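Step one of this worksheet: look at the structure below.
Residue numbers (the numbering used here): -15 to 832.
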């Protein structure tokens, strides 16, 4: 029996679809993305030895590699069909390197094939036209990976050490993107609004009213700042009214026919922009849905790839696709909607790679209405957008009749010497063309901004002046970036590539460098500090032009015009020199963002705003004072560069006593490392989730305490406080904990009857707790267990809601500042925890 051929793709969803098309002579397996990557430690890229790169297999995908190696033993040939881009090419290369090491390729033919669309004909045709792995594409990907590694592993430690930002990171492409967001925020902060007025008139002919706008006044052209205050506006109005005496005359009429051409089919960038504008989809969501449409969706006929490959900056369409689209246009919208020849487009992208097609439906005959109710609604929305854009791109232009009518005050139609000229614009759609299917922008409507039907008029006609309407305006600052406009800006500057835009945006948000509020990017205090550090010390490397030039160099490597090692060498020499210079010459004080706000009216001590290990905070006093400084975190809506003295003084009101328990113990409200809380005993705490800790009073505090007591009553099974051991009800059932280890309870054992000795025995036998990446956690000196009342998970969630000052993974090991949430790192270790509260918690996790 003939041996089967083995085909490797990236995703299991794609594997199922392709298997169906190739038949029984082929076995199709998935690599599940990348199979190996650089070792995550210093020295993974060695500039001293021609940038040798140390790789290791990805643990999560090792089983898939072994499955491929096993299947390859029974196969006659290996077809590498990973995605048709540099990353896909690199995955194929890495997989072959791993298989070579295992001697799994001995005697096997190895082919590289690419599928630009997941359809029967495209896949079978690709299998018939194999090639070798492109080392140029692989080298370009390796160069990009090495650059990103060298930048990250050299800049990030400087951010930790010199800027005092543990956990912060800098990226080759994310840093210029962050700079864009921060610079836009600076523009907005510097912006000073200017007043200006427009003068409109309402005219009427034969009972039909229409507006006109002042364009000339006393012989001069009216521009934006011609009229800048109310007095001027009233003067202009009075002058026109006096000259008009209730009448306007038609001085001139300009009639034209205007054509509006369709936009080209989608590239990755334009798809992300339009999906954001029209559908409200973020870049990551758009790419996820596009991936699903590309890999194959079952709409009743088995899984079928509905669109072509979605990572492209080409606007070209294949000849067969053009033929089918033109057939659909003629059949659906009529022959009048079809141009005599197919439309061709040229990309405006600075570094376009034209090898792929634009994003289009794999079959234009699959109209969106055919898929209603058969695929996911979001998939249908995106497919409809792609289908409409591709089809519209091959249709006739929209045709408008436009008219501009100039009016002068009074009964004389002469323009010369007129007190003013007002213009009325009208536009009528006479041939919809492509906009019968699609219009770029916010709305799928036929009207454009000036669409208005005016009454029939001729030069010399007299009209009634109904009213002169001055209107006040103020200039507005440039808008903050949306996902769509940020993607557009990145593309225009040549920063990154279509496949990277979504991950750039996600990194900025995940790292808390930027917040996406009301679909606009706002830089955080952390983001501003990172950006300032980089632009002061590494301006050349976060410069938009430099970053774009690096992309050009990578393209040259991919095209075989440049060798990757010399490109990296040119970059590394200057970059390493600057890293060393900053490391030796810049101190933490040089990059401190501290700002004095004023003096405390009570003590006379300075109050400053700073950024510390746990985020932005205000400080009362200095480190040189005999008494230790006091610290308080900024509230979620407050920013370091806008907070003022009075706001800072309010922050020092915590912790505060709101009342007493029946036993006389005080009830205090404070903010700890895991968020705001109520303390009602030496070691008893209740989280504050939705209330403002600065305004919570005794009745509400008592409600929170009662709720916490009820929760604890159901959670604690046994408590051995002297031993620091508890038996608790956890998420997955009862368990034993000493805050160092968690131990399972045998099924046959009743948790309530456990003795202290039995608990100690079970804990001794329990495995060490593992970190997030499987590494064994270093055992800490056991402390007496906190009472169950102490907030752990819940305050962390509360803190997330109120812009917690650190990420969850940092929260496990970091201590809090004294007396409030945001003590800087240098002082934290010496400070007393606020009321001995949640700050001492060693773990936010209480069960396995």
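Ideal Cβ placement from N, Cα and C applies to all residues, glycine included.
Keep in mind it's a predicted model, so treat the numbers as computed, not measured.
Express the C-alpha separation of residue j and residue i in angstroms, rounding to a whole number.
i, j, result
"residue 485", "residue 226", "59 Å"
"residue 14", "residue 63", "12 Å"
"residue 264", "residue 65", "33 Å"
"residue 520", "residue 351", "54 Å"
"residue 534", "residue 69", "18 Å"
"residue 517", "residue 554", "24 Å"
"residue 729", "residue 721", "11 Å"
"residue 326", "residue 418", "13 Å"
"residue 9", "residue 546", "40 Å"
"residue 414", "residue 369", "25 Å"
"residue 151", "residue 298", "38 Å"
"residue 682", "residue 671", "15 Å"
"residue 472", "residue 466", "10 Å"
"residue -7", "residue 60", "17 Å"
"residue 562", "residue 542", "28 Å"
"residue 837", "residue 538", "What is shown of the chain runs -15 to 832, which leaves residue 837 out entirely."
"residue 312", "residue 330", "23 Å"
"residue 583", "residue 136", "40 Å"
"residue 634", "residue 606", "19 Å"
"residue 401", "residue 235", "12 Å"
"residue 399", "residue 463", "40 Å"
"residue 525", "residue 613", "38 Å"
Could you pull out every residue in the same chain whose Cβ sits closer than 7 Å to the Cβ of residue i, ignoring the five residues on either side in sequence?
i, result
"residue 701", "711, 712, 713, 718, 735 and 736"
"residue 884", "Residue coverage of the chain in this structure runs from -15 to 832, which leaves residue 884 outside it and unanswerable."
Please report the Cβ distance between residue i and residue j, rounded to the nearest whole angstrom; I am assuming they are in contact, meaning their Cβ atoms lie under 8 Å.
i, j, result
"residue 104", "residue 5", "5 Å"
"residue 392", "residue 405", "6 Å"
"residue 439", "residue 241", "Incorrect: roughly 20 Å between the Cβ atoms, too far for contact."
"residue 437", "residue 237", "Contact doesn't hold; Cβ gap of about 15 Å is too wide."
"residue 611", "residue 592", "The pair is not a contact, with the Cβ atoms about 16 Å apart (cut-off 8 Å)."
"residue 342", "residue 251", "6 Å"
"residue 88", "residue 56", "5 Å"
"residue 102", "residue 280", "5 Å"
"residue 134", "residue 29", "6 Å"
"residue 243", "residue 381", "4 Å"
"residue 142", "residue 492", "About 19 Å separates the two Cβ atoms, so there is no contact after all."
"residue 677", "residue 653", "5 Å"
"residue 345", "residue 291", "6 Å"
Determine which residues share a DSSP beta bridge with residue i and list them.
i, result
"residue -7", "14"
"residue 591", "582 and 604"
"residue 617", "601"
"residue 231", "448"
"residue 644", "650"
"residue 667", "According to DSSP, residue 667 bridges with nothing at all."
"residue 458", "179"
"residue 101", "292"
"residue 386", "240 and 411"
"residue 499", "506"
Excluding five sequence neighbours on each side, which residues of the same chain lie with their C-beta closer than 6 Å to the C-beta of residue i?
i, result
"residue 139", "154"
"residue 239", "387"
"residue 365", "263"
Does DSSP put residue i in a helix, a strand or coil?
i, result
"residue 194", "strand"
"residue 287", "strand"
"residue 129", "helix"
"residue 777", "With a pLDDT of 33 at residue 777, under the threshold of 50, the predicted position of this residue should be treated as unreliable, though the coordinate-derived value follows. Of the three classes helix, strand and coil, the one that applies to residue 777 here is helix, per DSSP."
"residue 430", "With a pLDDT of only 40 at residue 430, under the threshold of 50, the placement of this residue in the model should not be trusted; the figure read from the coordinates follows. Of the three classes helix, strand and coil, the one that applies to residue 430 here is coil, per DSSP."
"residue 56", "helix"
"residue 220", "helix"
"residue 678", "coil"
"residue 155", "coil"
"residue 135", "helix"
"residue 440", "coil"
"residue 728", "strand"
"residue 658", "coil"
"residue 351", "coil"
"residue 279", "helix"
"residue 838", "One cannot answer for residue 838 here, as it falls past the ends of the chain, which runs -15 to 832."
"residue 107", "helix"
"residue 723", "coil"
"residue 464", "coil"
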